[in-house]
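Chains as they are written, first to last, in this note's numbering: chain A, 1 to 246; chain B, 1001 to 1225. Built from N, CA and C at the ideal position, the CB exists for glycine as well. The structure presented is a predicted model; accordingly, all values stated were derived computationally and were not measured. This report concerns only the one structure given below.
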């Protein structure tokens, strides 16, 4: 089996208008920047980018390109905005949210993690205690008027929980430190974060890997994401980041 | 507008919080003053859980120790220690929601007298109903204890400790203790119990910058450092 693509353009050939794409990474750690850059080079739009915790803050230039091309319809994330309100005023995404040109949906981080995991594990919905008694427990939190859905809550053993739905994705872009031809992945340190659950959640998972190796070179004991969740592998250079943000 | 009192610097609020943490606890620190708690951990047996997916997160990294694949949930470069562990995000939140984290320390815009708190939607930002939730609601729901560390008032001198929240809630009835630049306050079933106060202030001074009613502890003392 060989899931390796030599050209990133070929790996993205069937991406389509309106697709839901999961974007791995947590601020600057483990963000699939090469895949995002290739996406910005494709003439497709109306996209839903399903994130975890601010990968578009970390991949600032790539996010700005996608925004400038008007490719994004909606972003789902737990921490999408700059921490500093004054920095936010000049932020490309925040401007589009203010003008309602991009829909932004915010979800508690653990709920979002479980939405991806559940989608990949065949679970359509789950109950969580996160957000009970807050606006999150009654409706989707977004700047879009198209989200009238009311959420259900239920008591178990006298404690209230919110019913949250899984978030299946058409594609997932993930970033790994090492990957083999058959799609087994190994991440490095805190760059793992959302990448594994997003690989589970998507119909087609595309992994960019810093080190492409032969099957067996990743010790089977050390595989973080088994190849069954990964459909395409592309080798990318290791990009140097500045790890500060505000 | 009430008088605004000078109190403890942010670093010293963090130091006071740290004195309240027991050795052996697994602790998650939020963004803001809580992050500064990590500067006071030397010599202590306190293990930091970072929701990005790390246990026993070490001191802030500087110089050659900075590694772009090793950051905390506030996006600061951190270091690995003997006994550190990495895991994925669903494991991280299983720890958090599942009641395995002993304490979370969070910042807040407001805390109510019932222990409700608001930390994610800042109406002043003009972004309507959206805001950065991050892991705050999961931590509020699942951590065994929740401390809030914040300034006692807004920069304009408006009270942040209120009878009822005016901002969207992060969690209801979840706060156990509040540490500010002016006081240490415990949330009890009777209301807010004033335990410690900044030297030179009277309970009346503090009440004048607090919207919720404070119950003065019979053993009220100056903030212990």
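Report task. Within the same chain, show all residues whose beta-carbon is closer than 7 Å to that of residue 197 of chain A, passing over the 5 residues directly before and after it, in chain order. Result -> Shown here for residue 197 of chain A: same chain residues with a beta carbon closer than 7 Å to its own, the five before and five after excluded, namely 113, 116, 117, 120 in chain order.
Query - C-beta neighbour in chain A for residue 1001 of chain B, strict 8 Å - result: With a pLDDT of 48 at residue 1001 of chain B, under the threshold of 50, the modelled position of that residue is not reliable, and no figure is offered here.
Query raised in the report: Does any residue of chain A bring its CB to less than 8 Å from the CB of residue 1075 of chain B?
Result: yes
**Report entry** N- and C-terminal bounds of the alpha helix (DSSP H) containing residue 8 of chain A
**Finding:** Residue 8 of chain A -> alpha helix (DSSP H) spans 8-11.
Query raised in the report: When the Cα atoms are used, what is the spatial distance from residue 1004 of chain B to residue 137 of chain A?
Result: 37 Å
Query raised in the report: Does the pairing of the stretch 173-185 of chain A with the stretch 229-242 of chain A give three or more beta-carbon distances under 8 Å?
Result: Yes: the two stretches touch, three or more of their Cβ pairs being nearer than 8 Å.
**Report entry** Limits of the unbroken beta strand (DSSP E) element including residue 22 of chain A
**Finding:** 20-23
**Report entry** Exposure label - residue 1001 of chain B; buried when at least 16 CB within 10 Å
**Finding:** Unreliable placement is indicated for residue 1001 of chain B, whose pLDDT of 48 sits below 50; no coordinate value is reported for it.
Query raised in the report: Buried or exposed: which applies to residue 155 of chain A, given that a residue is buried once 16 or more other Cβ atoms fall within 10 Å of its Cβ?
Result: exposed
Query raised in the report: Can you find a CB in chain A that lies within less than 8 Å of the CB of residue 1169 of chain B?
Result: Residue 1169 of chain B counts as touching chain A.
Report task. Could you say which of A:235, A:195, A:128 lies nearest to residue 166 of chain A if we only look at CA atoms? Result -> A:128
Query raised in the report: How about residue 1178 of chain B and residue 1016 of chain B: are their beta carbons less than 8 Å apart?
Result: no
Report task. Give the DSSP-derived three-state secondary structure of residue 16 of chain A in the structure shown. Result -> coil
**Report entry** CB-CB length for residue 1038 of chain B against residue 1059 of chain B, believed under 8 Å
**Finding:** 7 Å
Query raised in the report: Tell me which same chain residues have a C-beta within less than 6 Å of the C-beta of residue 65 of chain A, skipping the five on either side of it?
Result: 40
Query raised in the report: Quick one: what does DSSP say residue 165 of chain A is sitting in, helix, strand or coil?
Result: strand
Query - Closer than 8 Å to chain A by CB, residue 1142 of chain B - result: Yes, its Cβ sits closer than 8 Å to a Cβ of chain A.
Query raised in the report: Is residue 1217 of chain B close to chain A, meaning its C-beta is less than 8 Å from at least one C-beta of that chain?
Result: Against chain A, the CB of residue 1217 of chain B has no partner CB under 8 Å away; the residue lies outside that interface.
Query raised in the report: For residue 94 of chain A, is the classification buried or exposed, using 16 other Cβ atoms within 10 angstroms of its Cβ as the cut-off for buried?
Result: buried
Query raised in the report: Mind pulling the chain A residues with CB within less than 7 Å of residue 1053 of chain B?
Result: Ordered by position in chain A, the residues that pass the 7 Å Cβ test against residue 1053 of chain B are 190, 192, 193.
Report task. Kindly say whether residue 241 of chain A, judged by its beta-carbon, lies nearer than 8 Å to any beta-carbon of chain B. Result -> With 8 Å as the cut-off, residue 241 of chain A counts as an interface residue toward chain B.
**Report entry** Inter-residue Cα distance where the pair is residue 158 of chain A and residue 1026 of chain B
**Finding:** Each residue's alpha carbon lies about 27 Å from the other.
Query raised in the report: chain A beta carbons: is any one of them nearer than 8 Å to that of residue 1196 of chain B?
Result: no
Query raised in the report: Residue ranges of each alpha helix (DSSP H) run of no fewer than 4 residues wholly in the stretch 1110-1177 of chain B, ordered along the chain?
Result: 1136-1142
Query - Backbone CA spacing between residue 100 of chain A and residue 82 of chain A [nearest angstrom] - result: 17 Å
Report task. Please name the residues in the stretch 1126-1160 of chain B whose beta-carbon is closer than 9 Å to at least one beta-carbon of chain A, in chain order. Result -> 1126, 1127, 1128, 1129, 1130, 1131, 1132, 1133, 1134, 1135, 1136, 1137, 1138, 1139, 1140, 1141, 1142
Query - Those residues which DSSP pairs with residue 29 of chain A across a bridge - result: A:26
Report task. Pull up the distance between the alpha-carbon of residue 1128 of chain B and that of residue 144 of chain A, whole angstroms please. Result -> 10 Å
Query raised in the report: Among the residues of its own chain, which have a CB less than 6 Å from the CB of residue 1084 of chain B, if the five just before and after it don't count?
Result: 1056
Report task. Tell me residue 1067 of chain B's beta-bridge partners as DSSP assigns them. Result -> None; residue 1067 of chain B has no bridge partner.
**Report entry** Residues that residue 259 of chain A contacts on chain B, provided the C-beta gap is smaller than 9 Å
**Finding:** Residue 259 of chain A is absent from the model: chain A starts at 1 and stops at 246.
Query raised in the report: Between residue 33 of chain A and chain B, is there a C-beta pair that is closer than 8 Å?
Result: No Cβ of chain B is located within less than 8 Å of the beta carbon of residue 33 of chain A.
Query - Residue-chain proximity (residue 1069 of chain B, chain E), Cβ-Cβ < 8 Å - result: Absent from the structure: chain E. Protein chains present are A and B.
Query raised in the report: What in chain A is Cβ-close to residue 1097 of chain B, meaning under 8 Å?
Result: 110, 128, 129, 130
Report task. Would you mind reading off the limits of the alpha helix (DSSP H) that contains residue 60 of chain A? Result -> 60-68
Report task. Spell out whether any CB of chain A is found under 8 Å from the CB atom of residue 1093 of chain B. Result -> yes
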